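Visitor: Below you will find the structure I want to go over with you.
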Amino acid sequence: MRKIIILLLIAILPFSLFAADYSEIIAKAKDSSRTLENAEIAYQNSLLKNEEASRSEDVSYSVSAKATPINTSFDNMENGSMEVSELSASIVIPSSSSVKSGERMTNATTVTVSSPLSAGYDGAFSIWPSVSASHTFDLSSSEGKYKKTLQDSQNTLTIEQTYKNALLSFEKSIISQMQSILSTEKSIRTSENALEIAKKSMEDIKALGTYSEGSVNWRKAELEKKKTENSLSSLYEQYENAKEQFYTATGLEWNGLENIPEPNLELVSLESGNTDVRLSYIESELARLEAESSDTSTLSVSGSLGASYKNSKAKANAKGVAPVQNTVTGSAGVSYKGDNWSIGADVSLTSTKDFSYTPQLTISGSWSSSSTSDITEKTNANNAIKASNDYIDSLTNYTIEGMSLAQKINAFNLDYALLKEELEYQRQSYELTKESYDAGLASESELESAALAFENAEADVEIKKLEGLELEYDILIYSL
């Protein structure tokens, strides 16, 4: 029996000698986790994508050109030429109220300059430079800018929430693994003690001849012992699996745990709610704006100026002048787009070398049946109502979840305080039993039971403290 007592007293000694600090385990797990590495990569990619989207409001430039040789046969070089087409440069200049919608940016000015040319190998050439500008006015630009602000906030909140939630959930999972290991260790100690008691009981029965081997009572005692052995075998396997999972997650061998911090269970509920509530509010606002977008109209204006110059190598006329062709063109346009209709006008003017002008005026308009538009408006209105209801539900759920967490915190505090009292009681009980045992006033069995109860009480406090840390992470996730 003395051997059993000694084993119980030092069972945790190897772990305490090499036990890892709680904060060290968490830090090591975070450093070696591929899950967190992937979360970090996803977070950085999301930030880059968000930055790319925001750059749509900056001044942008583009240049393009394409050269094509024509009739390049060496036998006919005199008639060959090189044509440079698609030679252009454009600049997009957003204003303070520019808003990008899909591939179109409203309230932004686009200027394009091009100068294609064709040069013959015989010296003849032609060139036709041009410049054009266009500007689209969003007549509801204030709402468009507000929508852009909402979308930017939505993207930022979603990115930050996803990343922080991944971090907190991972750390909480490590705590859960440590809690599982400590609970299994406690169960193993209890089962090992029960098995030793069962074995001693059968030895006593056999020595005293209380029951004969093969009797009903003997078989009952033997069956209980086998059940305990099977349970213990299952616990050993469970323990090894838990340690393997811990090693996979942290890169550390399990050698026990020390310096578990006290959980911080301060709960603060905000009137505006958490990120989920704020995202729900943004969704409701976007849906409202979409429902009101049928009133949005745009006014577009554009203009261009171009010229062409052609110098051929044809023979000179009677006055000795080679033929040269000059042309100047210009155009301007305006269009107004309503809900299901649009109207526009374009005017163009062409002037040749002899100053003859050719004006042209084009008026356009379109109208489509409003039946489809009415359905879209009703759908958007319904979506706006639903989004508003979802926001109210989100705020209600936030309040309910906060109340639930408050109840869990209160229950934890009561249980934790009781377990610490139990630990102090078991510590004193063990010390008194040890003194009595040394004085010959207590049996080895009593000392063994006191030692096991004290050790399990210590484990209960540690396990409960980890449970409190899990609850702390629940609060942090709730507060995101």
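Numbered per mature numbering (1 follows the signal peptide of the UniProt record, and there is no 0), the sequence shown spans residues -19 to -1, 1 to 461.
Cβ coordinates follow ideal geometry from the N, Cα and C atoms, glycine included.
Because the structure is a prediction, the values reported are computed rather than measured.
Could you tell me if residue 258 is buried or exposed, where buried requires 16 or more neighbouring beta carbons within 10 angstroms of its beta carbon?
Guide: Label assigned to residue 258: buried.
Visitor: Is the beta carbon of residue -1 less than 7 Å from the beta carbon of residue 238?
Guide: Against a cut-off of 7 Å, the Cβ pair of residue 238 and residue -1 comes out as a contact.
Visitor: Report the residue from 310, 347, 420 and 340 whose alpha carbon sits nearest the alpha carbon of residue 316.
Guide: Looking at the Cα atoms, 347 is the closest of the given residues.
Visitor: Along the chain, where does the alpha helix (DSSP H) that runs through residue 199 open and close?
Guide: Run containing residue 199: 197 to 231, per the alpha helix (DSSP H) assignment.
Visitor: Leaving out five residues on either side along the sequence, give the residues of the same chain with a beta carbon under 6 Å from the beta carbon of residue 265.
Guide: Taken in chain order, the residues that qualify are 368, 369 and 372.
Visitor: By alpha-carbon positions, which one of 435, 442 and 389 ends up nearest to residue 398?
Guide: Checking every option, the nearest Cα to that of residue 398 belongs to 442.
Visitor: Please report the distance separating the alpha-carbon of residue 243 from that of residue 450.
Guide: Rounded to the nearest angstrom, the two C-alpha atoms are 8 Å apart.
Visitor: When DSSP labels each residue in this structure, what does residue 70 get in the three-state scheme?
Guide: Of the three classes helix, strand and coil, the one that applies to residue 70 here is strand, per DSSP.
Visitor: Going by other Cβ atoms of all chains shown within 10 Å of its Cβ, with 16 needed for buried, is residue 454 buried or exposed?
Guide: With 16 or more Cβ atoms within 10 Å of its Cβ, residue 454 is classed as buried.
Visitor: By the 10 Å Cβ neighbour count, where 16 or more other Cβ atoms means buried, how is residue 159 classified, buried or exposed?
Guide: Its Cβ being crowded by 16 or more others within 10 Å, residue 159 is buried.
Visitor: Could you check which residue in 378, 171 and 400 has the C-alpha nearest to that of residue 254?
Guide: Of the candidates 378, 171 and 400, the one whose C-alpha sits nearest the C-alpha of residue 254 is 378.
Visitor: Identify whether residue 424 lies in helix, strand or coil by the three-state DSSP scheme.
Guide: Coil at residue 424, not helix or strand.
Visitor: Look up residue 368 in the DSSP assignment and give the residues it is bridged to.
Guide: Answer by DSSP bridge pairing: none, since residue 368 is not bridged.
Visitor: On the three-state DSSP scale, how would you describe residue 476?
Guide: The chain is shown from -19 up to 461; residue 476 falls before or after that span and cannot be answered.
Visitor: Taking the alpha carbon of residue 381 as the point to measure from, which residue in 250, 445, 340 and 267 has its own alpha carbon closest?
Guide: The residue with the shortest Cα to Cα distance from residue 381 is 250.
Visitor: Going by Cα to Cα distance, which pick from 70, 90 and 91 is closest to residue 97?
Guide: Measuring from the Cα of residue 97, the nearest candidate turns out to be 70.
Visitor: For the ligand SAH, I want to know if residue 396 counts as a neighbour, meaning its beta carbon is within less than 6 Å of at least one of the ligand's heavy atoms.
Guide: Absent from the structure shown: the ligand SAH. Ligands present: none.
Visitor: Near residue 134, what residues of its chain come up, given a Cβ to Cβ distance below 7 Å and the 5 sequence neighbours on each side ignored?
Guide: Same-chain partners within the cutoff: 263.
Visitor: Look at the alpha carbon of residue 217 and the alpha carbon of residue 128, and state the distance between them as a whole number of angstroms.
Guide: Roughly 59 Å separates the two Cα atoms.
Visitor: Nearest to residue 426 by alpha carbon, out of 388, 178 and 28?
Guide: Measuring from the Cα of residue 426, the nearest candidate turns out to be 178.
Visitor: Once you ignore the five residues that flank residue 176 on each side, which residues in its own chain have a CB closer than 8 Å to its CB?
Guide: The residues are 206, 209, 210 and 213.
Visitor: Are residue 435 and residue 418 close, meaning C-beta to C-beta below 7 Å?
Guide: Cβ atoms of residue 435 and residue 418: not closer than 7 Å.
Visitor: According to DSSP, is residue 239 helix, strand or coil?
Guide: Residue state, collapsed to three classes: strand.
Visitor: Can the beta-carbon of residue 414 be found less than 7 Å from the beta-carbon of residue 404?
Guide: No, these two residues do not count as a Cβ contact at 7 Å.
Visitor: Find the nearest neighbour of residue 156 within the set 456, 447, 458 and 452, judged by alpha-carbon distance.
Guide: Residue 156 has its Cα closest to that of 447, out of 456, 447, 458 and 452.
Visitor: Can you give me the C-alpha to C-alpha distance between residue 375 and residue 438, rounded to a whole angstrom?
Guide: Taking the straight line from one Cα to the other gives about 42 Å.
Visitor: Here's a check: name, in chain order, each residue in its chain whose Cβ is nearer than 8 Å to the Cβ of residue 84, leaving out the five neighbours to either side.
Guide: Residue confidence for residue 84 is low, a pLDDT of 44 falling below 50, so the modelled location carries little weight; the figure read from the coordinates is stated next. Here the set comprises nothing.
Visitor: Can you have a look at residue 421 and say buried or exposed, based on whether 16 or more other CB atoms are within 10 angstroms of its CB?
Guide: Result: exposed.
Visitor: Going by DSSP, what residues sit across from residue 139 in a beta bridge?
Guide: None, per the DSSP bridge assignment.
Visitor: Please classify residue 1: does DSSP put it in a helix, a strand, or coil?
Guide: The answer is strand: DSSP assigns residue 1 an E or B state.
Visitor: Any idea if residue 385 is buried or exposed, counting beta-carbon neighbours within 10 angstroms, 16 or more meaning buried?
Guide: Per the 10 Å Cβ criterion, exposed.
Visitor: For residue 13, which residues of its own chain have a beta-carbon under 6 Å away from its beta-carbon, when the five flanking residues on both sides are left out?
Guide: Correct list, in chain order: 232.
Visitor: Going by CA-CA distance only, name the one from 273, 407 and 444 that's closest to residue 361.
Guide: Nearest C-alpha to residue 361: 273.
Visitor: Could you check where the alpha helix (DSSP H) with residue 234 kicks off and where it finishes?
Guide: Careful: residue 234 lies outside any alpha helix (DSSP H) and carries neither H nor E.
Visitor: Please report the Cβ distance between residue 456 and residue 248, rounded to the nearest whole angstrom; I am assuming they are in contact, meaning their Cβ atoms lie under 8 Å.
Guide: Confirmed, about 6 Å.
Visitor: Starting from residue 192 and walking both ways along the alpha helix (DSSP H), at which residues does that stretch end?
Guide: Careful: residue 192 lies outside any alpha helix (DSSP H) and carries neither H nor E.
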